[in-house]
Amino acid sequence: MDTTQLLKGVLDLAVLSVVADEDGYGYDVVRRLRAAGIEEVGDASVYGTLRRLYSSGALTSYVVPSDEGPHRKYYGINAQGRAMLDGQRKDWYEFAGTMQRLLETEGGA
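Quick note: the sequence shown uses full-length UniProt numbering, first residue 1, plus one each step.
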């Protein structure tokens with residue numbers, strides 16, 4: 001199954017969830033998503049999502065100097081982002097439960 005379209009629908013939720021665990025810079029968030037099993041996520045998609053969530057007020061950002069290259073822009077979740085995460089988490093569980101029930105019926109099996 002091509003999960004690209006599924007991923008587009010849940011990337012905000014996935015990024016908010018990762019950043020809620022610990023602040024992170026762009027590629028760090030990409031790595032954590034891939035380590036969690038979302039291997040097909042694109043760097044550009046995550047960077048764009050971080051910028052959009054920041055612009056919408058769901059994330060804060062700060063710059064940390066790096067000895068290994070350019071400074072890194074870290075993103076952290078704030079109260080608005082946590083509220084967004086909670087709402088999207090609830091929506092996801094409801095949707096996933098609906099899909100699970102649908103797929104477990106005789107017609108879906």
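Note that CB positions come from ideal geometry on N, CA and C, so glycine has one too.
**OP:** Using three-state DSSP, classify Gly76 as helix, strand or coil.
**Re:** Gly76 falls in the strand class under three-state DSSP.
Subject >> Extent of the continuous alpha helix (DSSP H) run through Ser61 >> reply: Taken as a continuous stretch (DSSP letters only), Ser61 belongs to no alpha helix (DSSP H), being part of the beta strand (DSSP E) at 59-64.
**OP:** Taking all protein chains shown into account, decide if Val64 is buried (16 or more other Cβ within 10 angstroms of its Cβ) or exposed.
**Re:** That one is exposed.
Original post:
DSSP state of Gly37, grouped into three classes?
Top reply: Three-state DSSP puts Gly37 in coil, outside helix and strand.
Subject >> Check whether Tyr75 and Leu103 have beta carbons under 8 Å apart >> reply: For the pair Tyr75 and Leu103, the CB atoms are not nearer than the 8 Å cut-off.
Subject >> Beta-carbon contacts of Arg32 that lie in its chain and below 6 Å, excluding the five residues immediately before and after >> reply: Residues of the same chain with a CB within less than 6 Å of the CB of Arg32, apart from the 5 flanking positions on each side, are Val18 in chain order.
Subject >> Identity of the residues DSSP links to Tyr25 by a beta bridge >> reply: Here Tyr25 is bridged, per DSSP, to Tyr74.
Original post:
Is the CB-CB distance between Gln88 and Asp12 below 8 Å?
Top reply: At the C-beta level, Gln88 and Asp12 come within 8 Å of one another.
Original post:
In chain order, what residues of the same chain have a beta carbon less than 6 Å from the beta carbon of Tyr54, not counting five sequence neighbours either side?
Top reply: In chain order, Ser61 place their CB closer than 6 Å to the CB of Tyr54, counting only its own chain and leaving out the 5 sequence neighbours on each side.
Original post:
Is the Cβ-Cβ distance between Tyr25 and Arg82 less than 8 Å?
Top reply: No; because the gap between Cβ atoms is not below 8 Å, this pair is not in contact.
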